[in-house]
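Residue numbers (mature numbering (1 follows the signal peptide of the UniProt record, and there is no 0)): -18 to -1, 1 to 166.
A virtual CB, placed ideally from N, CA and C, is assigned to each residue, including glycine.
Quick caveat: nothing in here was measured; it's all calculated off a predicted structure.
These notes are about the structure you will find just below.
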């Protein structure tokens, strides 16, 4: 009986000490630091949230690299493509937000760039002239291929109907962007 009493008192003490404290929000970020302890790692995301974050980060990456290209590219063809990508990915972000808001429960896409995207953007910023144009074209082809793969996968087996519809709608658009990027 004493062990049961001890456990009960310990549990009661924990409950009392926790009273009045606000719950700390759990941060769900797409990217975590490698130095971050495992105990502080973000919670596992639902497939819908993970897809929304991937799509949002992809749009953000395309917009940021394209803004850079619009001002820094040497080729008029690259600059024109970059302007098209800024508009297309701004539109895509708006559609994603609408689809995510229609989910039950609503999803808030996190547009934080992944560490790989941050590094690619930083590397691109160091280039100029024809080297910049080649690097931008390569990033656009690679990025659009990854996005197309994610869209096709989610359109086929996603778990949130509005996001599945969004993914299906974007497949032909991203396919066209990929083909354009390969032609740069």
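Same chain only: Cβ atoms within 8 Å of residue i, ignoring 5 sequence neighbours per side
i           : result
residue 164 : 123
Own chain residues within Cβ distance below 6 Å of residue i, not counting five before or after
i           : result
residue 75  : 41
residue 141 : 29, 30
Cβ-based burial, residue i [other Cβ within 10 Å; buried from 16]
i           : result
residue 48  : buried
residue 29  : exposed
residue 92  : buried
residue 111 : exposed
residue 146 : buried
residue 149 : buried
residue 129 : buried
residue 99  : buried
Closest residue to residue i among the options (Cα-Cα distance)
i           : options           : result
residue 102 : 67, 90, 120, 87   : 120
residue 89  : 32, 166, 60, 149  : 32
residue 166 : 26, 57, 128, 106  : 57
residue 80  : 150, 151, 66, 144 : 144
residue 66  : 84, 45, 141       : 45
residue 37  : 109, 72, 61       : 72
residue 115 : 60, 27, 34        : 60
residue 118 : 43, 151, 131      : 43
residue 151 : 104, 77, 54, 26   : 77
The alpha helix (DSSP H) enclosing residue i, as first and last residue numbers
i           : result
residue 45  : 29 to 54
residue 73  : 58 to 84
residue 155 : 143 to 164
Chain-order list of residues whose beta-carbon lies under 7 Å from that of residue i (same chain, five-residue window excluded)
i           : result
residue 126 : 156, 159, 160, 163
residue 84  : 144
Simplified DSSP assignment, three categories, for residue i
i           : result
residue 111 : helix
residue 20  : Residue placement at residue 20 is flagged as unreliable, the pLDDT there being 48, under the threshold of 50; the coordinate-derived value follows with that caveat. Reduced to three states, the DSSP call for residue 20 is helix.
residue 129 : helix
residue 95  : coil
residue 88  : coil
residue 119 : helix
residue 25  : coil
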